[in-house]
Amino acid sequence: MLHLLVLILYVVGGTRAEDPYRFFTWNITYGDIYPLGIRQQGILINGQFPGPDIYSVTNDNIIINVFNNLPEPFLLSWSGVQQRKNSFQDGVYGTTCPIPPGQNFTYTMQMKDQIGSFYYFPSLAFHKAAGGFGAIRILSRPSIPVPFPEPDGDYTILIGDWYKANHKVLQSVLDSGKMLAFPDAVLINGNGGNNTQFTVEQGKTYRLRISNVGLRNSLNFRIQGHSMKLVEVEGTHTVQTMLSSLDVHVGQSYSVLVTADQPPQDYHIAVSTRFSSPVLTSTAVLHYSTSRTPASSPLPPAPEDVQWSLNQARSIRTNLTASGPRPNPQGSYHYGQINVTRTIRVGNTPGLLNRKQRYAVNGVSFVAADTPLKLADYFNIDGVFRVGSIPDSPPVSRDIRKDTAVVGADYRTFVEIVFENRENILQSWHLDGYSFFVVGMDAGSWTPDSKKQYNLQDAVFRSTTQVYPKSWTAIYVALDNVGMWNLRSEFWARQYLGQQFYLRVYTPVKSTRDEYLIPSNALLCGRAAGRS
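Positions -17 to -1, 1 to 515 (mature numbering (1 follows the signal peptide of the UniProt record, and there is no 0)) are the ones given, in order, by the sequence shown.
So, in structure tokens, the structure goes:
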């Protein structure tokens, strides 16, 4: 009866009734995990670490009833899955009230016009350091061809850096004004040793969906003795390129095809931190089903320089001859011929406030309000946030201040966002609710003349991009999704300490054609409590 009620309510809210429904019930608990061979407290979903995969087909309606059995509030967010016209379900505190302890909340989402590889994760507090993450795969409808033969198998590979310390200890370090130490290890599907195995059969081809679900480090992925064919990036079919190794920056997802074309034995899968000292490496096993020979040394080497990674990033382009989730070529969207109406320059800055470490965007270090911003906007609650509380470009001064940073933007405009990284570490940025065209990246400072080198034909279309040390990255984005959307650092300690803001995409027209009504089961908290 509960499932039926939710279904009816969501259909009334705008979901297409003829599209299939998939129902999930998830219990969120703490439990013992042993990713590094020692007991740790982890966040489990139905007793699993990592959490269960979400399998779906484009346009499916996903109904996930989440029971929070933790002793504190909890939220799940959906990295790269665009909540079309529905930022109420985005699952970050700026849009969604947390699920109180001992209560449940039903997420109702549609995988509208999306295909590809994504993941979910806990967005509140520092829960991401305890687990609670898992993979999302959205398949193409049978009537829409993909630009490669159907693989013989499909594997999820979640990689990420990891700490031995409890996530609450890590959070207290940040709250005290200090930065975290370097991580202790790299995990592959929740394991830190050579304990994860992927079985293949001689001569067959497999799809590997690789997501970096870690907290800070870029990772390099490679398979001993095997090449990989890149075919998809966060929902975009790419020009198919053969790779010996792949840099996966924090928050990013890729699909590669691997053919088991080597002598039948076991081979190392190696994952190493990039741009770090020391370098952490973890391994898994590619196991041929008839193998009697264990994997042996040496491990395949990882690239060492930044330029190699930059060159690889520039080579990743959209496959203009492939169909997307709808029966029209992805390349029919000629983004290079659309006039850019606004340029927003985003600069990241570290600093101290009251002797405590903070991070800022354009001089503003984000602090959460007492009420989710989307609810305050919907109910016209004054004093929660102010549109324009963060400038459109980095200030000359490196001083920082705290504020609930919100950038205002008009619906259906086409904007350029330039990420300017003046620091010596690699940055990774994600925009909720959208994918964008990564039109350019280079070392040094961005100037208007940098536009001359933009790729205005087949730039990759994705939701998370990297910015190399002392470099810039430029993206184009069509603001066609009304709502309040989080633009954040994927370096999770920096996000926690203020390196984020919200983009308010606004239209004065109140129509369910542009934005769904607030869900009837929406949790209301802060100054929105008790409203209807």
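Positions of the beta carbon are idealized from the N, C-alpha and C atoms, including for glycine.
Review point. Residues bridged to TRP475 by DSSP?
Key: What you label residue 475 is simply residue 492 of the sequence shown in a count that begins at 1. Paired residues: none, contrary to the question.
Check your understanding: What do you get for LEU335, buried or exposed, if any count of 16 or more other CB atoms within 10 angstroms of its CB means buried?
Key -> In the sequence shown, counting from the first residue as 1, residue 335 sits at position 352. Around the beta-carbon of LEU335, fewer than 16 other beta-carbon atoms lie within 10 Å, marking it exposed.
Check your understanding: Is the CB-CB distance between PHE484 and GLN410 below 9 Å?
Key -> Stepping through the sequence shown from its first residue, residue 484 is reached at position 501. Stepping through the sequence shown from its first residue, residue 410 is reached at position 427. No, Cβ-Cβ distance for PHE484 and GLN410 is not below 9 Å.
Practice item. Classify ALA359 as helix, strand or coil using the three-state DSSP reduction. Key: Along the sequence shown, read from residue 1 onward, the residue named residue 359 stands at position 376. When DSSP states are grouped into helix, strand and coil, ALA359 belongs to the helix group.
Check your understanding: How many Å lie between PRO355 and ARG514 at the Cα?
Key -> As a first step, residue 355 must be located in the sequence shown, where it is residue number 372. As a first step, residue 514 must be located in the sequence shown, where it is residue number 531. Between PRO355 and ARG514, the C-alpha separation is close to 13 Å.
Practice item. Can you give me the Cβ contacts of PHE402 inside the same chain, cut-off strictly under 6 Å, excluding the 5 residues immediately before and after it? Key: As a first step, residue 402 must be located in the sequence shown, where it is residue number 419. Once the five neighbours on either side are set aside, the close Cβ partners of PHE402 are VAL329, TRP412, VAL450, THR456.
Exercise for review: List the endpoints of the continuous beta strand (DSSP E) containing ASP144.
Suggested key: What you label residue 144 is simply residue 161 of the sequence shown in a count that begins at 1. Note, ASP144: beta strand (DSSP E), 136 to 145.
Point to revise | Helix, strand or coil at TYR189 according to DSSP, with G and I counted as helix | key: On the sequence shown, residue 189 is found 206 positions in, with the first residue counted as 1. Shown here, TYR189 sits in a strand according to DSSP, grouped into three states.
Point to revise | Those residues which DSSP pairs with ASN51 across a bridge | key: On the sequence shown, residue 51 is found 68 positions in, with the first residue counted as 1. Paired residue(s): ILE11.
Check your understanding: PRO312 to ARG325, Cα distance in whole Å?
Key -> Stepping through the sequence shown from its first residue, residue 312 is reached at position 329. Stepping through the sequence shown from its first residue, residue 325 is reached at position 342. Because the pLDDT at PRO312 is just 49, under 50, the model does not fix this residue reliably, and the point stays unresolved.
Review point. In the DSSP assignment, what are the bridge partners of GLY423?
Key: Numbered from its first residue, the sequence shown carries residue 423 at position 440. According to DSSP, GLY423 bridges with ALA457.
Review point. Below 9 Å between beta carbons: does that hold for LEU480 and GLN295?
Key: Residue 480 sits at position 497 when you count from the first residue of the sequence shown. Residue 295 sits at position 312 when you count from the first residue of the sequence shown. Result no, Cβ atoms of LEU480 and GLN295 do not sit closer than 9 Å.
Review point. What does a CB cutoff of less than 8 Å around GLY208 pick up in its chain, not counting 5 residues either side in sequence?
Key: Here the question's residue 208 lines up with position 225 in the sequence shown. The answer, listed in chain order, is GLN245, TYR250, PRO283.
Review point. With ARG257 and SER201 assumed to form a contact (beta carbons below 8 Å), what rounded beta-carbon distance in angstroms separates them?
Key: On the sequence shown, position 274 is the one that residue 257 refers to. On the sequence shown, position 218 is the one that residue 201 refers to. Indeed they touch by this definition, with Cβ atoms about 4 Å apart.
**Study point:** Own chain residues within Cβ distance below 6 Å of THR179, not counting five before or after
**Key:** Residue mapping note: residue 179 aligns to position 196 of the sequence shown, counting from 1. Within the same chain, THR179 has close Cβ partners ILE171, ASN172, ALA267.
Check your understanding: How do the segment 136 to 146 and the segment 47 to 58 stand: do at least 3 beta-carbon pairs fall below 8 Å, yes or no?
Key -> With a cut-off of 8 Å on Cβ pairs, the segment 136 to 146 is not in contact with the segment 47 to 58, counting fewer than three such pairs.
Exercise for review: Look at the Cβ atom of THR387, then the Cβ atom of ARG369, and state whether they are nearer than 9 Å.
Suggested key: In the sequence shown, counting from the first residue as 1, residue 387 sits at position 404. In the sequence shown, counting from the first residue as 1, residue 369 sits at position 386. Yes, the Cβ-Cβ distance between THR387 and ARG369 is below 9 Å.
Check your understanding: Should the segment 70 to 79 be regarded as contacting the segment 112 to 119, the criterion being three or more beta carbon pairs within less than 8 Å?
Key -> No contact exists between the segment 70 to 79 and the segment 112 to 119.
Practice item. Measure the alpha-carbon distance for ARG300 versus LYS453 and round it to whole angstroms. Key: The residue you call residue 300 lines up with position 317 of the sequence shown. The residue you call residue 453 lines up with position 470 of the sequence shown. Put simply, the backbone Cα of ARG300 is about 23 Å away from that of LYS453.
**Study point:** HIS413: first and last residue of the uninterrupted beta strand (DSSP E) it sits in
**Key:** As a position in the sequence shown, residue 413 is number 430, starting the count at 1. Where HIS413 is concerned, the enclosing beta strand (DSSP E) stretches over 410 to 414.
Check your understanding: For PHE71, which residues from the same chain have a beta carbon less than 7 Å from its beta carbon, with the 5 sequence-adjacent residues on both sides left out?
Key -> Taking the sequence shown and counting its residues from 1, the one referred to as residue 71 is at position 88. Counting only residues of its own chain and dropping the five nearest sequence neighbours on each side, PHE71 has a CB closer than 7 Å to the CB of THR78, THR79, LYS357, ILE501, PRO502, ALA505.
Point to revise | Three CB pairs or more closer than 8 Å across the segment 152 to 168 and the segment 214 to 229 | key: Result no; under three Cβ-Cβ pairs closer than 8 Å.
Check your understanding: What is the DSSP secondary structure of ASP2, reduced to helix, strand or coil?
Key -> Within the sequence shown, the letter at position 19 stands for residue 2. In the displayed model, ASP2 falls within coil according to three-state DSSP, outside both helix and strand.
Review point. Which residues in the same chain as SER372 place their Cβ atom closer than 8 Å to its Cβ, once the five residues preceding and following it in sequence are excluded?
Key: For the purposes of this step, residue 372 is taken as the residue at position 389 of the sequence shown. The answer, listed in chain order, is VAL347, ASP386, THR387, ALA388, VAL389.
Review point. Using the rule of at least 16 other Cβ atoms within 10 Å of the residue's Cβ for burial, across every protein chain shown, is VAL(-6) buried or exposed?
Key: By 1-based counting over the sequence shown, the position of residue -6 is 12. Because the pLDDT at VAL(-6) is just 38, under 50, the model does not fix this residue reliably, and the point stays unresolved.
Point to revise | For LYS151, the first and last residue of its enclosing alpha helix (DSSP H) | key: Translated into positions along the sequence shown, residue 151 becomes position 168. LYS151 -> alpha helix (DSSP H) spans 150 to 158.
Practice item. Go through its chain and collect everything with a Cβ distance to ASP2's Cβ below 8 Å, but skip five positions before and after it. Key: To locate residue 2, count along the sequence shown from 1; it is residue 19. Counting only Cβ-Cβ distances below 8 Å, and skipping sequence neighbours, we find ASN42, ASP43, ASN44, GLN93.
Exercise for review: Would you kindly work out how many angstroms separate the C-alpha atoms of PHE444 and ARG275, rounded to a whole number?
Suggested key: In the sequence shown, the residue the question calls residue 444 occupies position 461. In the sequence shown, the residue the question calls residue 275 occupies position 292. PHE444 and ARG275 have their C-alpha atoms some 43 Å from each other.
Check your understanding: How is the alpha helix (DSSP H) around ASN464 delimited, first residue to last?
Key -> The residue given as residue 464 occupies position 481 in the sequence shown. Element bounds for ASN464: n/a, residue is neither H nor E.
Check your understanding: How long is the line joining the alpha carbons of ARG487 and TYR342, rounded to whole angstroms?
Key -> As a working note, residue 487 is residue 504 in the sequence shown. As a working note, residue 342 is residue 359 in the sequence shown. Whole-angstrom Cα-Cα distance: 21 Å.
Practice item. Could you please give the first and the last residue of the uninterrupted alpha helix (DSSP H) stretch that includes SER274? Key: Sequence index remark: in the sequence shown, residue 274 carries index 291 (1-based). Judged by DSSP secondary structure, SER274 falls outside any alpha helix (DSSP H); it is assigned neither H nor E.
Practice item. Name the residue from GLN440, TRP429, HIS232, LEU470 whose alpha carbon lies nearest to the alpha carbon of ILE408. Key: Along the sequence shown, read from residue 1 onward, the residue named residue 408 stands at position 425. If we check each option's Cα against that of ILE408, HIS232 comes out closest.
Check your understanding: Do SER227 and SER210 have their C-beta atoms closer together than 9 Å?
Key -> Residue mapping note: residue 227 aligns to position 244 of the sequence shown, counting from 1. Residue mapping note: residue 210 aligns to position 227 of the sequence shown, counting from 1. With a cutoff of 9 Å on beta-carbon distance, SER227 and SER210 are scored as near each other.
Check your understanding: In whole angstroms, what separates the C-alpha of ASP432 from that of GLY423?
Key -> Residue 432 sits at position 449 when you count from the first residue of the sequence shown. Residue 423 sits at position 440 when you count from the first residue of the sequence shown. Each residue's Cα considered, the two are about 12 Å apart.
Exercise for review: Counting only the same chain and skipping the five closest in sequence on each side, list residues whose C-beta sits under 6 Å from that of ILE21.
Suggested key: One-based indexing of the sequence shown puts residue 21 at position 38. Answer for ILE21: no residue qualifies.
**Study point:** Residues that DSSP places opposite VAL75 in a beta bridge
**Key:** Along the sequence shown, read from residue 1 onward, the residue named residue 75 stands at position 92. BP columns for VAL75 are empty, so no partner.
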